[in-house]
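A.B. asks: Got a structure here, written out as structure tokens. Questions coming.
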Amino acid sequence: MSSPAPVALTHLQAFLLFAAVISIAFGFLGRRQPRDRIKYILWSFFVFLLVGIGIAWAMYPFSH
Amino acid sequence: MSQENNETPLLDPPAPGADTSLLGDSHPVPSETRAWSVAIAGWLIPGLGHALQRMWGRAAVVFLTVGLLVVLGAAMRGNLFTSHGSDAFDTLGYVADLGAGSFYFLARAVERTGADVSHAGGDYGTRFLATAGVLNLLAALHAYEAARGRKA
Numbered sequence: 525m526s527s528p529a530p531v532a533l534t535h536l537q538a539f540l541l542f543a544a545v546i547s548i549a550f551g552f553l554g555r556r557q558p559r560d561r562i563k564y565i566l567w568s569f570f571v572f573l574l575v576g577i578g579i580a581w582a583m584y585p586f587s588h
Numbered sequence: 010m011s012q013e014n015n016e017t018p019l020l021d022p023p024a025p026g027a028d029t030s031l032l033g034d035s036h037p038v039p040s041e042t043r044a045w046s047v048a049i050a051g052w053l054i055p056g057l058g059h060a061l062q063r064m065w066g067r068a069a070v071v072f073l074t075v076g077l078l079v080v081l082g083a084a085m086r087g088n089l090f091t092s093h094g095s096d097a098f099d100t101l102g103y104v105a106d107l108g109a110g111s112f113y114f115l116a117r118a119v120e121r122t123g124a125d126v127s128h129a130g131g132d133y134g135t136r137f138l139a140t141a142g143v144l145n146l147l148a149a150l151h152a153y154e155a156a157r158g159r160k161a
């Protein structure tokens, strides 16, 4: 029997963490000014959530 | 913010047609060799490509985000692909994982018990590891462009 993973995240937790980390990286690489970075990070995070949840609902009918 | 002043590339490109022969060593002209060196350094150690150009904020963020994704991916027992893949997807996964540079080998050391993708967590971990590699490649490309004096 295999040992459990040291870190166990739910789908939602992994999704939120992924979106946050990638948004921060994109914000810092894509923008120079702090204000622009914050706006870009928030926008990117929002779009990640929107697209992720949208795709999840689009797939929902096929799971039944 | 004062930090923002440090976020500019170390080497500004000379104006088109400018005579750069008298600039001397204190104002080195961006060279392709230096840009490649920066890119390779950034690939080997995430963030180093930006740190060499005194882009401290970007260097720290790249180091921390790539590092976090690698550690989490390994801790979730994601699949770290090797060069002995059996199909094209394994090879693609290996290229993506290897994009994390030295952190790829760190992940191999952290993931002592091997991958376990029989659970969803392991599958998410695989994605985290691949994303870390691709993100680091993107950062290395960004550092390369900055070293060439392009807008970054």
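Chain order of the listed sequences is A and B. Going by the working numbering, the first residue of the first sequence is number 525, and it counts up by one from there. Going by the working numbering, the first residue of the second sequence is number 10, and it counts up by one from there. In this text, a Cβ means the ideal position worked out from N, Cα and C, and glycines have one as well.
Using only the alpha-carbon positions, how far apart do residue 144(B) and residue 586(A) sit?
C.D. replies: Distance between the alpha carbons of residue 144(B) and residue 586(A): 32 angstroms.
A.B. asks: Can you give the beta carbon distance from residue 139(B) to residue 106(B), rounded, assuming they're within the 8 angstroms contact cut?
C.D. replies: Between residue 106(B) and residue 139(B) the Cβ distance is about 6 angstroms, and since that is below 8 angstroms, they are a contact.
A.B. asks: Measuring only between beta-carbons, confirm whether residue 50(B) sits less than 8 angstroms from chain A.
C.D. replies: So, not an interface residue.
A.B. asks: In three-state terms, what does DSSP make of residue 100(B)?
C.D. replies: In this structure, residue 100(B) counts as helix in the three-state DSSP scheme.
A.B. asks: Under three-state DSSP, which class holds residue 62(B)?
C.D. replies: Correct three-state label for residue 62(B): coil.
A.B. asks: List, in chain order, every chain A residue whose beta-carbon is nearer than 7 angstroms to that of residue 135(B).
C.D. replies: None at all; the shortest Cβ gap to chain A is about 11 angstroms.
A.B. asks: Listing by chain order, which chain A residues have their CB less than 9 angstroms from the CB of residue 74(B)?
C.D. replies: Result: 545, 546, 548, 549 and 552.
A.B. asks: Spell out a yes or no on whether the segment 79-98 of chain B and the segment 121-133 of chain B are touching, meaning 3 or more CB-CB pairs, one atom from each, closer than 8 angstroms.
C.D. replies: Output reads yes: the segment 121-133 of chain B touches the segment 79-98 of chain B.
A.B. asks: At the 8 angstroms Cβ level, is residue 529(A) part of the contact set with chain B, yes or no?
C.D. replies: It does: the Cβ of residue 529(A) has a partner Cβ on chain B nearer than 8 angstroms.
A.B. asks: Hey, quick one: how far does the alpha helix (DSSP H) through residue 87(B) stretch, first residue to last?
C.D. replies: First-last for residue 87(B): undefined, no H or E at that position.
A.B. asks: Let's see if you can read the secondary structure: which residues bound the alpha helix (DSSP H) around residue 575(A)?
C.D. replies: Per DSSP, residue 575(A) belongs to the alpha helix (DSSP H) from 558-583.
A.B. asks: Quick check on residue 568(A): buried or exposed, where buried means 16 or more other Cβ atoms within 10 Å of its Cβ?
C.D. replies: Flag for residue 568(A) reads buried.
A.B. asks: For the segment 107-114 of chain B against the segment 541-559 of chain A, are there 3 or more C-beta pairs whose distance is under 8 angstroms?
C.D. replies: Taking 8 angstroms as the limit for Cβ pairs, the verdict is that the segment 541-559 of chain A does not touch the segment 107-114 of chain B.
A.B. asks: Within the same chain, show all residues whose beta-carbon is closer than 7 angstroms to that of residue 79(B), passing over the 5 residues directly before and after it, in chain order.
C.D. replies: So the list reads 109, 112, 115, 116, 138 and 141, once near-sequence residues are dropped.
A.B. asks: Is the Cβ of residue 42(B) closer than 8 angstroms to any Cβ of chain A?
C.D. replies: No, residue 42(B) lies away from the interface with chain A (no Cβ there is under 8 angstroms from its Cβ).
A.B. asks: Does residue 76(B) come out as helix, strand or coil in the three-state DSSP assignment?
C.D. replies: Three-state DSSP puts residue 76(B) in a helix.
A.B. asks: Does the beta-carbon of residue 537(A) have 16 or more other beta-carbons within 10 angstroms, so that it is buried, or is it exposed?
C.D. replies: Residue 537(A) comes out exposed.
A.B. asks: What does residue 588(A) reach in chain B if we use C-beta pairs closer than 9 angstroms?
C.D. replies: Within chain B, no residue comes near residue 588(A); the closest Cβ sits about 19 angstroms away, beyond 9 angstroms.
A.B. asks: Look at the alpha carbon of residue 95(B) and the alpha carbon of residue 83(B), and state the distance between them as a whole number of angstroms.
C.D. replies: Taking the straight line joining both Cα atoms gives about 22 angstroms.
A.B. asks: Let me know if residue 41(B) comes out buried or exposed under the rule of 16 or more other beta-carbons within 10 Å of its beta-carbon.
C.D. replies: Looking at its Cβ environment, which holds fewer than 16 other Cβ atoms inside 10 Å, residue 41(B) is exposed.
A.B. asks: Starting from the beta carbon of residue 538(A), find every residue of chain B whose beta carbon is closer than 7 angstroms, and list them in chain order.
C.D. replies: Per Cβ cutoff of 7 angstroms: 133.
A.B. asks: According to DSSP, is residue 67(B) part of a helix, a strand, or is it coil?
C.D. replies: Correct three-state label for residue 67(B): helix.
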